[in-house]
Amino acid sequence: MDLDVRIRHITEGDWDDIVALEAATYADGALSEGRAALRSRARSSPATCFVVDVGRQLAGYVLSLPYPVGQYPDLDREEEVVFHSRNLHLHDLVVGEAHRGDGLAGELLRRVTTAARAKRYQRISLVSVGGSEGFWSAHGFHALREIALPASYGPDAVYMSMPVAADPRPHRRNPSTIRRADHPRMTK
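When we follow UniProt numbering, the leftmost residue of the sequence shown carries the number 1, and every step to the right adds one.
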């Protein structure tokens, strides 16, 4: 399947779709937070919050914000403080039902990881809910079961974390600093 996919920062016009996706995703549980709480998370760190469009339709979103290691947002409250932390907490990643299995969650995670690396975060944390621990483990997150979570996150909630790895792309040197021995065509 060929999808016209675009990941971009959240704009003011996205909130109706974000709220609808969030409500549909968490309709079976008590995890739905509502517009004000969701917006407060994005206001805390707009540079690390994204939506994914498929064609002209918003198909998913991710909200991530700086948060102290071992802590997590209260689902019943808006964010009132912006933490100065080297940990980026991936608070919510949702892909609409019509596009689950299309790889969009992995693409959103890659975008957040790239943003975290660019902003020099040391770790990314999250609370796995709804049986998603396997997905996060497959993407490098490790469970920290010693961190207690409130009942509001659900019975299978698990705090998870991973280090932000160095940029996987090869480091490119400035051509003016390449020594002759470093360049295969310039060796004798």
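Using N, Cα and C, we set each Cβ at its ideal position, and we do this for glycine too.
Keep in mind it's a predicted model, so treat the numbers as computed, not measured.
query                                                                                                                : result
Same chain, Cβ closer than 6 Å to D17, neighbours up to 5 away in sequence not counted                               : L58
Nearest neighbour of T114, chosen from L90, R100, S40 and F83 [CA to CA]                                             : L90
For V158 and G30, the rounded distance between their alpha carbons                                                   : Note on residue identity: the sequence assigns Ala, not Gly, to residue 30. Those two C-alpha atoms are separated by around 16 Å.
Residues of its chain near G60, where Cβ-Cβ distance is below 8 Å and the 5 sequence neighbours each way are ignored : L21, V51, V52, L93, V94, V95, G96, H99, L104, A105 and L108
6 Å CB neighbourhood of L75 in its chain, flanking five on each side removed                                         : E33 and S152
Beta-bridge partners of F50, as assigned by DSSP                                                                     : H9 and V62
Where the alpha helix (DSSP H) through R117 begins and ends                                                          : L104 to A118
Identified DSSP bridge partners for H89                                                                              : L65 and S125
Y153 (DSSP reduced to helix, strand or coil)                                                                         : helix
Straight-line gap, A181 to Y121 (C-alpha atoms, nearest Å)                                                           : Reliability fails at A181, whose pLDDT of 35 lies under 50, so the model's placement of it is uncertain and the value that follows must be treated cautiously. C-alpha separation (whole angstroms): 35 Å.
Nearest-angstrom Cβ-Cβ length linking H139 and S161, presumed shorter than 8 Å                                       : The Cβ separation is near 12 Å, so there is no contact.
Three-state class that DSSP yields for V164 in the structure shown                                                   : coil
DSSP three-state assignment for A27, whether helix, strand or coil                                                   : coil
Three-state secondary structure assigned by DSSP to V82                                                              : coil
Cβ neighbour criterion (16 or more within 10 Å) applied to G154                                                      : buried
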